[in-house]
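Student: Chains as they are written, first to last, in our numbering: chain A, 1064 to 1663; chain B, 1064 to 1663.
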């Protein structure tokens, strides 16, 4: 194919769009790949659609290669199946909801577990029909609170989602492994570096899940990795728990007035001065900070919880959001924030700055929910036998040597503290480092949750009905285009990896001679005949500077310039990424470029 | 490719689905091509998606061949552009509307004129940039009052829509002609018979528009055609108007009591008995029937209009709906129905059964709207000088010899009467016959309506700003799959045209010998090596009867049976459409099938 730039529906922009906050967004708009239609909603121009199509083709090939079969579901779906699984409610404000002319409820699907489950239920009845892997490449909707970064977090986006159906756990594991392999091959072919991170906290139990993160500073996800190979998203990191201590010898707890200790540091200094430990000085990590949080549930309810953690750590709200639902007995997405004054006013026992569990008052303020009416959860570091300085639930007073397991209890543990660089990896593989990434894919062993809710059973070899076990696997296809742009650009424009570039070669004629244009025309035709996909800048009156600028902005990996060198019988072949250029005799140009493009 | 039926995600059904009212719907569901997700909303299974993909590929090739460039717009769009053109309102209940979490209004786009117009405005500024033809193959939404017939009239469906942008009318004509040609090639390649019909009434003026209808009894659109080549949809047919008569010699109108004339026939008989015409007997076509209609506007308003037409004709509400908006000064879709008792009660001058225009009362009941407050429109046959029997606006009384142009006037003419088989074609090409069809495509010279509303201008050769002129062109892609099924089936199943069939060859092994399956395996591999796309029924324990039944239901055009004949060194090649079969030596099978498939 030869596409003439003079005919291509394209207008490159010199200025960055005002609303673009990351490089991929800026460059994809400036180079004429996409345009914004509404917040988080984009149109694909011819160049963008070509790259998108190449990404889709790679995804499709690798999914087909593991025996997955392509189907296509509607985006507009009735409420009922999502009601059965409770996701109609759980999705909260992230779900686009609407009514039809008969006032029946519909949604724009954010993901299709329910529909795939019902389809397999409709079609299959026996374990002999399984396994089956189904996928689609389809437009999804999510009413993000903060759409940002162009295609990186949109409200209408393209996903490949697949689902596996097996009669037993071994089958699910095989399906999961097959998808994991396919995903790694897809990202490799796309030229997209990814790190596979554990995405479900081991402490929470549950099924296996991994995210594929593309490391980049503009990523929204923080993840950790160790030199020894551990990788996890921050929500999934489990704390290395110190051993429990015997509290037989611990001194008795005592309440003291602690004037002039507005900060943890001043409190620790005061403690070391007035009530020194016998074994070592008090440290910030010996203070027990009790943080009051408000949790907004998908149902619209707001719940107050208190989390106790060492005073040298901050609460990571995302980590709390990942697991607090299980403690509250709700599924779906929750939003967690610091409790407001109004929230606190409803719990007058909580004395701001002096909140603590245990013995300090006749009526315990914090402890187990059954005793106090307030859910109280502890950082895993608060093991039995540890001694703490914490609030006494009275203004100006703290309690000292309050000992876990002896003087106070809680409703359970929670991974709520921030993970810090230097923390130990849970598998002992060394200290963690923190990095940011974009979630490119997610694979998840769903197990029987959806099959149970929607009653998907098959007959096993003994004629007994068994519930099917499922996996769910997603790749952000439109997001991949943005991630590729983010990871492959310089200050002058995009630099596409060859496998997804909109064209193989960007050919341009620079100069005014008729001979130059005739030679460029001929070369375009010859390259086409050799099976290359050519973008030919045939604009007769555009300056070389503008042509070079557009070529660099558009980012085809190889540029061929037919210009001054023609008098000497050569064309210039330039590598967009390295900037290197070589002069190639006209007669050799096709062979040379085939070699460059085909990688030989 | 070889697809093994034992692995294919497929389950054929013996029973028709309960909700399927047409053959294409029944068979596409039974043969495992589609499944219903909600009223008018369907999921595509692997077989269906393959056929859909082949249809899309043909559409894409022909659009690219006329220089159209593919883009892709969102389905979820903000209200604002549709507000500017007033279509937010005009679409009425057919539009799916929703709000996002910030309560901003959105819609699911039924068509994208606004967005394409704004995109070109964003990108282009000069006549030199034009023409540009843009298209997309995209999911559209329309909240149909009566979704029916499976994919034939859905609420979520796939359309190819394209738009042309030109600086002048000649350019628009070229764009229109190019699309017209591409559409005819597309339908030809799909194997889909279509009739191009005029879709805009010449009487209404306005731009050129044609629909491509696939003739079938299950079609919702009625169209007419003459032996001489005229074709139009019923809304577009113009009446052959008789010449005006001189009313100088017409007798004076006279009001008479007309007891016992409950029907037009009895009224005519009474007239011939008591007040005979001097030239010929009165006929039903000489009575002027005045029909009161209620028009529901997109704004929610309800307007009353009266239409006068010869008593031997009925009003065709669809024809009225097509043009009444222009008379009322509103754009968009209107719904017309007979006025209710409540509507009539608001106009006490209208005496049911005795409504008439003209002189019969001091205060005219019907005439021009300025005189009566009621819009009154006449069938084109009511030309000046014609003499009528009509109501006298008094119970039991009619007026005779009421003469058009002398005794009464109206606000204008309207094509409101039913078109009947035998009516003359407006171009004189002979009597019309009526037929039914499915609208497969529609091409339309929009002109400057959208460009004006959204201010799309370019600089012309003289540096003057000119408004761009546009065309809009649509093909129902998912509907084409259903129309192809509708036009290509028998009582046993589907019979796909070769260009859109899900596979080239349906190969089956029948019998139990290992040799048979080994030979079938080998043939499958050889056919694949020869570039054919093979569905191989490799099920080891399925009876030949079930295999044949599935093959006939699925409808691949050519079946190859490896069975009993193998002992004699032959396989059976069967044509699904004709039922003809030939025995072919195994050694020749690949060559023979290549010939059949490639049409040589």
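We put the beta carbon where it would ideally sit given N, CA and C, even for glycine.
1. How about residue 1136/B: is its C-beta nearer than 8 Å to some C-beta of chain A?
2. Taking 7 Å as the cut-off, is the beta-carbon of residue 1156/B closer than that to any non-hydrogen atom of the ligand PLP?
3. State whether the segment 1362-1379 of chain B contacts the segment 1318-1325 of chain B, with contact taken as three or more CB pairs (one from each stretch) at a distance under 8 Å.
4. Please confirm if residue 1185/B has its CB atom under 8 Å from at least one CB of chain A.
5. What's the C-alpha gap between residue 1233/A and residue 1187/B?
6. Just to confirm before moving on: does the CB-CB distance between residue 1509/A and residue 1534/A stay below 8 Å?
7. For residue 1318/A, I'd like the list of residues in its chain whose CB is within less than 7 Å of its CB, leaving aside the five on either flank, ordered along the chain.
8. So, does the CB of residue 1211/A fall closer than 8 Å to a CB anywhere in chain B?
9. Can you list, in chain order, the residues of its chain whose CB lies under 7 Å from that of residue 1654/B, leaving out five sequence neighbours each side?
10. Measure from the alpha carbon of residue 1184/A to the alpha carbon of each residue in 1138/A, 1514/A and 1493/A, then state which is nearest.
11. Starting from residue 1074/B, find everything on chain A with Cβ-Cβ shorter than 9 Å and list it in chain order.
12. Assess, as a yes-or-no matter, whether the segment 1621-1628 of chain B is touched by the segment 1564-1575 of chain B under the definition of 3 or more beta carbon pairs within less than 8 Å.
13. What residues match up with residue 1530/A in a beta bridge as DSSP calls it?
14. Report buried or exposed for residue 1161/A, applying the criterion of at least 16 other Cβ atoms within 10 angstroms of its Cβ.
15. Using the beta-carbon of each residue, which ones in chain B are nearer than 8 Å to residue 1163/A?
16. Are the CB atoms of residue 1373/B and residue 1442/B within a distance shorter than 8 Å?
17. Kindly list, in the order they appear in chain A, the residues whose Cβ is closer than 8 Å to that of residue 1106/B.
18. Taking the CB atoms as reference points, tell me whether residue 1375/A and residue 1297/A lie closer together than 8 Å.
19. Compare the Cα-Cα distances from residue 1243/B to each of 1231/B, 1226/B and 1230/B and report the closest residue.
20. Mind listing the chain D neighbours of residue 1595/A? Cutoff is C-beta to C-beta under 7 Å, in chain order.
21. Is the shortest distance between the beta-carbon of residue 1655/B and the beta-carbons of chain A less than 8 Å?
22. Determine the DSSP secondary structure at residue 1604/A, reduced to helix, strand or coil.
23. Just the C-alpha distance for residue 1432/A and residue 1381/A, rounded to the nearest angstrom, thanks.
24. What residues match up with residue 1371/B in a beta bridge as DSSP calls it?
25. Starting from the N-terminal side, write out each stretch of the alpha helix (DSSP H) that is 4 residues or longer and does not extend beyond the segment 1169-1252 of chain B.
26. Is the beta carbon of residue 1260/A sitting closer than 8 Å to the one on residue 1274/A?
27. Taking just the CA atoms, how far does residue 1633/A sit from residue 1645/A?
28. Out of 1153/A, 1068/A and 1228/A, which has the shortest C-alpha to C-alpha gap to residue 1686/A?
29. Rounded to the nearest angstrom, how far is the Cβ of residue 1619/B from that of residue 1636/B, given a contact under 8 Å?
30. Here's the rule: buried if 16 or more other CB atoms are within 10 angstroms of the residue's CB, otherwise exposed. What is residue 1603/B?
31. With a cut-off of 8 Å, does the C-beta of residue 1265/A fall near any C-beta of chain B?
32. Going by other Cβ atoms of all chains shown within 10 Å of its Cβ, with 16 needed for buried, is residue 1268/B buried or exposed?
33. Let me see if you follow: with CB-CB separation under 8 Å, is residue 1646/B close to chain A or not?
34. Helix or strand or just coil, what does DSSP make of residue 1451/A?
35. Give the straight-line distance between the Cα atoms of residue 1511/A and residue 1132/A, rounded to the nearest whole angstrom.
36. Determine the DSSP secondary structure at residue 1562/A, reduced to helix, strand or coil.
Tutor: According to the structure data:
1. Within the second chain, residue 1136/B is the residue found at index 73, counting from 1. So, interface residue.
2. In the structure shown, the ligand PLP is absent, as is every other ligand, since no ligand is present at all.
3. Touching, no.
4. As a first step, residue 1185/B must be located in the second chain, where it is residue number 122. Look at residue 1185/B: its C-beta is under 8 Å from a C-beta on chain A.
5. Within the first chain, the letter at position 170 stands for residue 1233/A. Within the second chain, the letter at position 124 stands for residue 1187/B. Going from the Cα of residue 1233/A to the Cα of residue 1187/B covers about 58 Å.
6. Your numbering for residue 1509/A matches position 446 in the first chain. Your numbering for residue 1534/A matches position 471 in the first chain. Yes, they are a contact pair.
7. Residue numbering aside, residue 1318/A sits at position 255 when the first chain is read from its first letter. Once the five neighbours on either side are set aside, the close Cβ partners of residue 1318/A are 1423, 1455, 1460 and 1462.
8. As a position in the first chain, residue 1211/A is number 148, starting the count at 1. Under the Cβ distance rule, residue 1211/A does not count among the residues neighbouring chain B, no pair being separated by less than 8 Å.
9. On the second chain, residue 1654/B is found 591 positions in, with the first residue counted as 1. Taking C-beta separations shorter than 7 Å and ignoring five residues to either side along the sequence, residue 1654/B has no partners in its chain.
10. Numbered from its first residue, the first chain carries residue 1184/A at position 121. Per the Cα distances, 1514/A.
11. As a working mapping, residue 1074/B is identified with position 11 in the second chain. For a Cβ distance threshold of 9 Å, residue set 1185, 1186, 1187, 1188 and 1192 of chain A lies close to residue 1074/B, ordered along the chain.
12. The answer is yes - the segment 1621-1628 of chain B touches the segment 1564-1575 of chain B, with three or more Cβ pairs under 8 Å.
13. By 1-based counting over the first chain, the position of residue 1530/A is 467. Beta-bridge pairing links residue 1530/A to 1520/A.
14. Sequence index remark: in the first chain, residue 1161/A carries index 98 (1-based). When all chains shown are included, residue 1161/A counts as buried.
15. Your numbering for residue 1163/A matches position 100 in the first chain. Neighbours of residue 1163/A on chain B, chain order: 1159, 1206 and 1218.
16. Indexing the second chain from 1 puts residue 1442/B at position 379. Indexing the second chain from 1 puts residue 1373/B at position 310. Yes.
17. Translated into positions along the second chain, residue 1106/B becomes position 43. 1134, 1135, 1136, 1137, 1178 and 1182, listed in chain order.
18. By 1-based counting over the first chain, the position of residue 1375/A is 312. By 1-based counting over the first chain, the position of residue 1297/A is 234. Their beta carbons are not under 8 Å apart, which means residue 1375/A does not touch residue 1297/A by this criterion.
19. The sequence position of residue 1243/B within the second chain is 180, counting from 1. Looking only at 1231/B, 1226/B and 1230/B, the smallest Cα-Cα distance to residue 1243/B is reached by 1226/B.
20. Considering every chain present, this structure includes no chain D. Its protein chains are A and B.
21. Sequence index remark: in the second chain, residue 1655/B carries index 592 (1-based). No, its Cβ sits nowhere closer than 8 Å to a Cβ of chain A.
22. For the purposes of this step, residue 1604/A is identified with residue 541 of the first chain, where counting begins at 1. If DSSP states are grouped into helix, strand and coil, residue 1604/A belongs with coil.
23. Within the first chain, the letter at position 369 stands for residue 1432/A. Within the first chain, the letter at position 318 stands for residue 1381/A. When the Cα atoms are used, residue 1432/A and residue 1381/A turn out to be separated by approximately 23 Å.
24. Within the second chain, residue 1371/B is the residue found at index 308, counting from 1. Looking at the DSSP output, residue 1371/B sits in a beta bridge with 1353/B and 1441/B.
25. Taking only runs of at least 4 residues, the alpha helix (DSSP H) segments lying wholly in the segment 1169-1252 of chain B are 1176-1186.
26. The residue you call residue 1260/A lines up with position 197 of the first chain. The residue you call residue 1274/A lines up with position 211 of the first chain. Residue 1260/A places its beta carbon less than 8 Å from that of residue 1274/A.
27. Start at 1 with the first residue of the first chain, and residue 1645/A comes out as number 582. Start at 1 with the first residue of the first chain, and residue 1633/A comes out as number 570. Roughly 9 Å between the two C-alpha positions.
28. The displayed coordinates of chain A run from 1064 to 1663. Any statement about residue 1686/A would go beyond what the structure contains.
29. Start at 1 with the first residue of the second chain, and residue 1619/B comes out as number 556. Start at 1 with the first residue of the second chain, and residue 1636/B comes out as number 573. So it is not a contact: roughly 12 Å between Cβ atoms.
30. If you number the second chain from 1, residue 1603/B lands on position 540. Result: exposed.
31. Locating residue 1265/A in the first chain gives position 202, counting from the first residue. Because the pLDDT at residue 1265/A is just 40, under 50, the model does not fix this residue reliably, and the value given afterwards should be weighed accordingly. Contact of residue 1265/A with chain B is not assigned, every C-beta pair being separated by 8 Å or more.
32. By 1-based counting over the second chain, the position of residue 1268/B is 205. Residue placement at residue 1268/B cannot be trusted, given a pLDDT of 40 that sits under 50; what the coordinates show is reported in the next sentence. Under this definition residue 1268/B is an exposed residue.
33. For the purposes of this step, residue 1646/B is taken as residue 583 along the second chain, with counting starting at 1. Judged by the 8 Å Cβ criterion, residue 1646/B is not in contact with chain A.
34. By one-based count along the first chain, residue 1451/A stands at place 388. Of the three classes helix, strand and coil, the one that applies to residue 1451/A here is strand, per DSSP.
35. Sequence index remark: in the first chain, residue 1511/A carries index 448 (1-based). Sequence index remark: in the first chain, residue 1132/A carries index 69 (1-based). So the two alpha carbons sit approximately 21 Å from each other.
36. Here residue 1562/A corresponds to residue number 499 of the first chain, with the count starting at 1. In the structure shown, residue 1562/A falls within a helical segment according to DSSP collapsed to helix, strand and coil.
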